[in-house]
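Input: a single structure, listed below in structure tokens.
Okay, here's the thing in structure tokens:
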């Protein structure tokens, strides 16, 4: 039996991955429930979508999920993760598209500086779990209930 050489294997895997990118293209994002030392959760309000959400964003090509999470938390809230974030659940996000998935983390964070409003984030802040701002999304409430063990994690965002 003929053995495949390493370069042939790499080439074959590249072709297969390119095929799957077209045939089964998928997008992936990260989002986190970010808690400060007082147990408050950090939420953001974007200019382009209604409601208060947990911070996050999409992965770029060749980007590691935790690197994307660190970047998004820094960009959306001047947040720095304390310790390691904990992957909680992977969700199929049908509200975004028929091919989007979200890696949802729980993280303890510190804010390095206040985050001023800009064109993307018009408002943000830490909130007590029993006093979330009006307009907090249903998905945010569902994720918090799942984190608290009040309901089973759903497969869909």
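Residue numbers (my numbering): 3 to 159. Even glycine gets a Cβ: it sits at the ideal position worked out from N, Cα and C.
Can the beta-carbon of residue i be found closer than 8 Å to that of residue j?
i           : j           : result
residue 71  : residue 32  : yes
residue 159 : residue 141 : yes
residue 89  : residue 36  : no
residue 54  : residue 137 : yes
residue 157 : residue 106 : no
residue 112 : residue 73  : no
residue 42  : residue 115 : no
residue 110 : residue 92  : no
Return the chain-ordered list of same chain residues with a C-beta closer than 6 Å to the C-beta of residue i, the five sequence neighbours on each side being excluded.
i           : result
residue 44  : 36, 79, 128
residue 126 : 46, 79, 117
residue 60  : 31
residue 155 : 91, 148
Grouping DSSP H, G and I as helix and E and B as strand, with all else coil, what is residue i?
i           : result
residue 38  : coil
residue 142 : helix
residue 154 : coil
residue 117 : coil
residue 149 : helix
residue 3   : Bear in mind that a pLDDT of 48 at residue 3, under 50, signals an unreliable position, so the model cannot answer this.
Cβ of residue i versus every heavy atom of the ligand FMN: is any distance shorter than 7 Å?
i          : result
residue 64 : Among the components modelled here there is no ligand, and therefore nothing to report on the ligand FMN.
Identify, in the order they occur along the chain, each residue of the same chain with its Cβ nearer than 8 Å to the Cβ of residue i, setting aside the five sequence neighbours on each side.
i          : result
residue 49 : 121, 122, 123, 124
residue 87 : 34, 68, 71, 107, 108, 109
For residue i, which residues of its own chain have a beta-carbon under 7 Å away from its beta-carbon, when the five flanking residues on both sides are left out?
i           : result
residue 66  : none
residue 149 : 35, 90, 108
So residue i and residue j are supposed to be a Cβ contact under 8 Å. How far apart are they, rounded?
i           : j          : result
residue 103 : residue 28 : 6 Å
**Runs of alpha helix (DSSP H) wholly within the region 43-113 (minimum 4 residues, chain order)** = 67-79
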